[in-house]
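Single-structure report; data block below.
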Amino acid sequence: MRALDWAIVVVYLVYVIWDGIRMTKHSNSKEGYFLANRSLPWWAVGLSVMATQLSAITLVGTTGQAYSDGMRFIQFYYGLPFAMIILCVTVVPFFHRANVFTAYEYLEKRFDVKVRTLTSFFFLISRGLGVGTIISAPSIVLSIVFGWNLIATIFAIGLSTTIYTVFGGVQAVTWTDVKQMVIIFFGLGICFMVILWSFPAGYSLVDGLHLAGSLGKLNTVDTTFDLKEKYTIWSGLIGGLFLMLGYFGCDQSQVQRFLTAKSVDEGRTSLLMSAFLKIPMQFGILLIGVMVFVFYQFTAPPIVFNSAEVDKASQTEEFRQIQGKYAAAFAERRAAALSFEKNDEGLRRIYIDADKKFNDSRKEAVAFVRSTSNPTFNDINYVFPTFILENMPMGVIGLLIAAIFAAAMSSIAAELNALATATTIDFYRRLYRPEATDAHYVMVGRATTFIWGLFACVVAIFAANLGSLIEVVNKFGSFFYGSLLGVFVLAFVVKRARSRGAFFGLLIGISSVWLASIYSDIEFLWFNVIGCVVTVVAGYLISLTVRKRGDAGGLEIVD
Amino acid sequence: MNDEHEAPAERPKAFWKKVYLAVVINAFVVVTLLWIFSRYFR
Numbered sequence: 001m002r003a004l005d006w007a008i009v010v011v012y013l014v015y016v017i018w019d020g021i022r023m024t025k026h027s028n029s030k031e032g033y034f035l036a037n038r039s040l041p042w043w044a045v046g047l048s049v050m051a052t053q054l055s056a057i058t059l060v061g062t063t064g065q066a067y068s069d070g071m072r073f074i075q076f077y078y079g080l081p082f083a084m085i086i087l088c089v090t091v092v093p094f095f096h097r098a099n100v101f102t103a104y105e106y107l108e109k110r111f112d113v114k115v116r117t118l119t120s121f122f123f124l125i126s127r128g129l130g131v132g133t134i135i136s137a138p139s140i141v142l143s144i145v146f147g148w149n150l151i152a153t154i155f156a157i158g159l160s161t162t163i164y165t166v167f168g169g170v171q172a173v174t175w176t177d178v179k180q181m182v183i184i185f186f187g188l189g190i191c192f193m194v195i196l197w198s199f200p201a202g203y204s205l206v207d208g209l210h211l212a213g214s215l216g217k218l219n220t221v222d223t224t225f226d227l228k229e230k231y232t233i234w235s236g237l238i239g240g241l242f243l244m245l246g247y248f249g250c251d252q253s254q255v256q257r258f259l260t261a262k263s264v265d266e267g268r269t270s271l272l273m274s275a276f277l278k279i280p281m282q283f284g285i286l287l288i289g290v291m292v293f294v295f296y297q298f299t300a301p302p303i304v305f306n307s308a309e310v311d312k313a314s315q316t317e318e319f320r321q322i323q324g325k326y327a328a329a330f331a332e333r334r335a336a337a338l339s340f341e342k343n344d345e346g347l348r349r350i351y352i353d354a355d356k357k358f359n360d361s362r363k364e365a366v367a368f369v370r371s372t373s374n375p376t377f378n379d380i381n382y383v384f385p386t387f388i389l390e391n392m393p394m395g396v397i398g399l400l401i402a403a404i405f406a407a408a409m410s411s412i413a414a415e416l417n418a419l420a421t422a423t424t425i426d427f428y429r430r431l432y433r434p435e436a437t438d439a440h441y442v443m444v445g446r447a448t449t450f451i452w453g454l455f456a457c458v459v460a461i462f463a464a465n466l467g468s469l470i471e472v473v474n475k476f477g478s479f480f481y482g483s484l485l486g487v488f489v490l491a492f493v494v495k496r497a498r499s500r501g502a503f504f505g506l507l508i509g510i511s512s513v514w515l516a517s518i519y520s521d522i523e524f525l526w527f528n529v530i531g532c533v534v535t536v537v538a539g540y541l542i543s544l545t546v547r548k549r550g551d552a553g554g555l556e557i558v559d
Numbered sequence: 001m002n003d004e005h006e007a008p009a010e011r012p013k014a015f016w017k018k019v020y021l022a023v024v025i026n027a028f029v030v031v032t033l034l035w036i037f038s039r040y041f042r
C-alpha cells in the first residue's frame, strides 16, 4: 500500500466517525436516539436496510465463494422479494401502528413479559455472536494487508464503529449507511472495470463468461430437490423465504430500520427497495468473484491465498514439491484457457481437464496446510483481499479497503444500535427502571452500545478461524430465526395461541434445530423452516392445554 | 410504549396490490433472466 491508499482509508475513517458523531445533537431523547423520531425518508431507510445486510462478509466471503464455487450462492436470495411483500402486508403496518421500540415489545401485549424477554434474549445472543463474525471479516483483510496483529485489528475496527454509534444513535447509523453504500458501489464498480482492463489483449468480458460458464461457475438456478444440497432454487425460495421473514421481520437490527421511517408507506417502500435491488446487486458482487477467477486464468494465483500459512508451509520439502506441480498445472491451464473456443468441444474438454488438474494440485496444497499447521484452515475469505493487494493499482487499493471498511461498519453499527435498544427497552426499562427520564435511557443506551461493542470484539477473535464467515453468520441466524418467526406467526395468525404455548414452543423450536444440526445432514437454510414449523405446531398444541375463559380469540386467558 | 404520534395518510390498498404484483413479476423476470444467462454461458 502506498501513501495515496493510506490517505484514502484515513480520510474515509475520519469522515465517517465525524459524520456519525455530529448526529449527537439529534439524539438527546430516547425517541431520537433509538428511532430517529420516526422521521427518515424511505430512500435513506432503504439504503440502510441494504447496508445493514451487506456486510464486509458479503464482499469478502461472497466474492471468494464465487471464485471457488461459482454463482450458486445467489439462489440464497430468491425468497427475499416474496418475504418483503409478506412483511409489507403484515409486520410493517402492525409495528408502526403499535408505536413500539422493539419487535419483542409487541409480544408482551399479545402474550406476556416472559415471551417478550425470552425472544429478546435469544435475539441478543444470536446477534451478539453474529456481529462478532461481522467484525472478523474486515479484520482478516487488514491483518493480511498491513501485517497487523489480528486481535489488535479486531479492536481497532470494532471500537471505531462503536464510537460513532455510541454518540449518534440510530441517526448516525442510518446516515452513515447511506454514504457507505455510495462508497461500496463506487469501489466495486471501479474494481470491476480494473479487472476487465487487466485481461489479456483482445480478451473480453464475454470470453471470460464463456470460460467460467464451461466449468459451471455461472449456474444460478439448480432445480435439484435435495435437503443436503446447500444452494438450490428450493432452499432459496423456501428456506430463504423463512430466513428473510425471520431476519427482516423479527430481528431488531432490521425492524429498527423501518421503524425509523416517517410513515407506514415509507417503511414499506424502504423494504421493497431491497425486493427490487438485492438480487441484481448480489449478482454484481458474485460476478466480480467470477471475474477474479477469470483473471487468475492468465496470472498465476497464490497456491494458498493466506500468505501466513504459505510462509509456514513453504519451509518443508514436501510443500515445495507441491508448489512445483502447481506451477506446471497452472501453465497447462493458462495455455488451455488462451486457446479455449466456446464452440470447439475438443478445446473445451482440454480446458476442463486442465482446470481439474490445477484444482487437484491446489487441494493438495490446502490439505497439506490443514495437516501440518491449521486443521480448520479455509482459503475462501482470503481470495478477494489478496487479489486486491497484489493486483489493484495505487489508489484503487485504498478505495476498496475503504469499501470493505464501509460494508463492515454499516452492519456493525446497525447491530450494535439494535442490541443496545433491545437491552435498554426490553430489559433495563421493562424489568429494572420503568420510570426514568429520556436522558437516563439515552445514557443507558450509550453505555450498552459500548458494552456490546466490546463483547462483539471478543467474539470476533474466536470467529476468525471458523471457516467461511458468511456461512458462519447465516448458521448462527438459522439456529434462531425460524423459531423467532414461529413465535410471531403464533402471535399474528393463531388466535388460540397462549403465552405458555409461545414460550415453550420457542424453546422446543430452537431445540429441534439444534438436534437437526447434530443428527442430520440437512443444510442450514432448511433450519429456518424446521424451527418455524416446530415452534408453531408445538406452541399451538401446548396452547390447547391452557384453560381459557370466554372467546377463543380474546386475550382473556388463564395462563 | 412511547408517546403517540400522528400517522400520515396511507396510500390505498389497491395501490399496494399493484406494487406487490410488480415485485412478484420482477422477481420471476430476474430469476428467468439469470437462468437464461446460466444456460447461454454454460
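Quick mapping for you: the protein sequence lines, in order, are chains A and B. Throughout the first sequence, residue numbering follows my numbering, covering 1 to 559 in sequence. Throughout the second sequence, residue numbering follows my numbering, covering 1 to 42 in sequence. Backbone N, C-alpha and C fix where the C-beta goes; we use that ideal spot for every residue, glycine too.
Check: Using CA coordinates, which residue listed in A/N343, A/L507 and A/V529 is at the minimum distance from A/V115?
Finding: Residue A/L507 is the option with its Cα nearest to A/V115.
Next item on the list: State buried or exposed for A/Y231, treating a residue as buried only when at least 16 other CB atoms are found within 10 Å of its CB.
Entry: A/Y231 is buried by the Cβ-count criterion.
Notebook entry, point to check: Can you name the start and end residues of the alpha helix (DSSP H) that A/Y15 belongs to?
Noted result: Where A/Y15 is concerned, the enclosing alpha helix (DSSP H) stretches over A3 to I21.
Note to self: If the criterion is Cβ atoms closer than 8 Å, does the pair A/T162 and A/T386 meet it?
What the structure shows: In this structure, A/T386 does not lie closer than 8 Å to A/T162 by Cβ.
Next item on the list: Could you tell me if A/S314 is buried or exposed, where buried requires 16 or more neighbouring beta carbons within 10 angstroms of its beta carbon?
Entry: Flag for A/S314 reads exposed.
Next item on the list: May I have the straight-line CA-CA distance separating A/R97 from A/S39, to the nearest angstrom?
Entry: So the alpha carbons of these two residues sit roughly 15 Å apart.
Checklist line | Beta-carbon proximity list for A/L227, same chain, < 6 Å, skipping 5 on both sides | finding: Counting only Cβ-Cβ distances below 6 Å, and skipping sequence neighbours, we find I522 and W526.
Check: Using 8 Å as the threshold, is the stretch 53-63 of chain A in touch with the stretch 395-411 of chain A, meaning 3 or more CB pairs across them?
Finding: Yes, the stretch 53-63 of chain A is in contact with the stretch 395-411 of chain A.
Notebook entry, point to check: Would you call A/Q321 buried or exposed, if buried means 16 or more other Cβ atoms sit within 10 Å of its Cβ?
Noted result: Under this definition A/Q321 is an exposed residue.
Check: How about B/V30: is its C-beta nearer than 8 Å to some C-beta of chain A?
Finding: Chain A contact via Cβ: present.
Next item on the list: Please decide whether B/I27 counts as near chain A, where near means a Cβ-Cβ distance under 8 Å.
Entry: According to the sequence as given, residue 27 of chain B is Ala; it is not Ile. B/A27 belongs to the set of residues whose beta carbon lies under 8 Å from a beta carbon in chain A.
Notebook entry, point to check: Along the chain, which unbroken stretches of the alpha helix (DSSP H) at least 4 residues long are found entirely within the stretch 187-221 of chain A?
Noted result: Counting whole runs of 4 or more residues, the stretch 187-221 of chain A contains the alpha helix (DSSP H) stretches 205-214.
Check: How big is the Cα-Cα spacing for A/T220 and A/M443?
Finding: If you take the alpha carbons of A/T220 and A/M443, they lie about 48 Å apart.
Next item on the list: Could you confirm whether any beta carbon from chain B is found closer than 8 Å to the beta carbon of A/I279?
Entry: Judged by the 8 Å Cβ criterion, A/I279 is in contact with chain B.
Margin query: Could you give the first and the last residue of the continuous alpha helix (DSSP H) run that contains A/Q321?
Written below: From DSSP, the alpha helix (DSSP H) with A/Q321 extends over E317 to L338.
Item checked: Nonlocal neighbours in the same chain, by C-beta distance under 6 Å from A/A80, ignoring five residues either side -> A quick correction: the sequence has Leu, not Ala, at residue 80 of chain A. Excluding residues within five positions, the ones whose Cβ falls inside 6 Å are M244 and K278.
Next item on the list: Would you mind reading off the limits of the alpha helix (DSSP H) that contains A/W148?
Entry: It is not in any alpha helix (DSSP H) - A/W148 carries neither H nor E in the DSSP assignment.
Item checked: the stretch 483-497 of chain A contacting the stretch 110-129 of chain A, beta-carbon criterion three pairs below 8 Å -> Contact between the stretch 483-497 of chain A and the stretch 110-129 of chain A is present, because at least three Cβ pairs lie under 8 Å.
Next item on the list: Check the Cβ-Cβ distances between A/I74 and every residue of chain B, and say whether any is below 8 Å.
Entry: Chain B, which has a Cβ nearer than 8 Å to the Cβ of A/I74, makes this yes.
Next item on the list: Could you tell me which of A/K312, A/A354 and A/T316 sits nearest to A/A327, measuring between CA atoms?
Entry: The candidate whose alpha carbon is nearest that of A/A327 is A/A354.
Next item on the list: Check the Cβ of A/I85 against every Cβ in chain D and list those closer than 8 Å, keeping chain order.
Entry: Checking the listed chains, one finds no chain D in this structure; the protein chains it contains are A and B.
Check: Which residues, in order along the stretch 332-363 of chain A, keep a beta-carbon less than 7 Å from a beta-carbon of chain B?
Finding: Flagged: no residues at all.
Check: Between A/L241 and A/K179, what straight-line distance do the alpha-carbon atoms span, to the nearest angstrom?
Finding: Distance between the alpha carbons of A/L241 and A/K179 is about 29 Å.
Checklist line | Proximity to A/F455 [Cα-Cα], best of A/A420, A/P138 and A/P393 | finding: It is A/A420 whose Cα lies nearest to the Cα of A/F455.
Checklist line | Rounded straight-line distance, which links the Cα of A/F111 to that of A/I542 | finding: One C-alpha to the other measures close to 14 Å.
Item checked: Closest by C-alpha distance to A/Q65, when choosing among A/I125, A/I86 and A/Q282 -> Residue A/Q282 is the option with its Cα nearest to A/Q65.
Notebook entry, point to check: Is it the case that the Cβ atoms of A/T63 and A/F167 are separated by a distance below 8 Å?
Noted result: In this structure, A/F167 does not lie closer than 8 Å to A/T63 by Cβ.
Check: Contact check, A/T457 vs A/L124 under 8 Å by CB: the rounded distance?
Finding: The identity of residue 457 of chain A in the sequence shown is Cys, whereas the question assumes Thr. So it is not a contact: roughly 16 Å between Cβ atoms.
Next item on the list: For the stretch 385-423 of chain A, list the alpha helix (DSSP H) runs that are entirely contained and at least 4 residues long, ordered along the chain.
Entry: Listed in chain order, the alpha helix (DSSP H) runs fully inside the stretch 385-423 of chain A are 396-421, counting runs of at least 4 residues.
Next item on the list: Note down, in chain order, every chain B residue with its Cβ under 7 Å from the Cβ of A/K275.
Entry: The sequence given here has Ala at residue 275 of chain A, not Lys. Within 7 Å Cβ-Cβ: V23.
Next item on the list: To the nearest angstrom, report how far apart A/L188 and A/G216 are at their CA atoms.
Entry: Whole-angstrom Cα-Cα distance: 24 Å.
Check: According to DSSP, is A/L245 helix, strand or coil?
Finding: DSSP places A/L245 in helix when its eight states are reduced to three.
Check: Are the CB atoms of A/L286 and A/I74 nearer to each other than 8 Å?
Finding: With respect to A/I74, A/L286 sits close: the two C-beta atoms are nearer than 8 Å.
Margin query: Once the 5 residues before and after A/L54 are set aside, which same chain residues still bring their CB inside 8 Å of it?
Written below: Here the set comprises M181, I184, M281, A407, S410 and S411.
Checklist line | Selection of the stretch 200-232 of chain A by Cβ proximity to chain B, strictly under 8 Å | finding: Correct list: L209, H210, A212, G213, S214, G216, L218, N219, T220 and V221.
Next item on the list: Report the three-state DSSP secondary structure of A/L227 (helix, strand or coil).
Entry: Correct three-state label for A/L227: coil.
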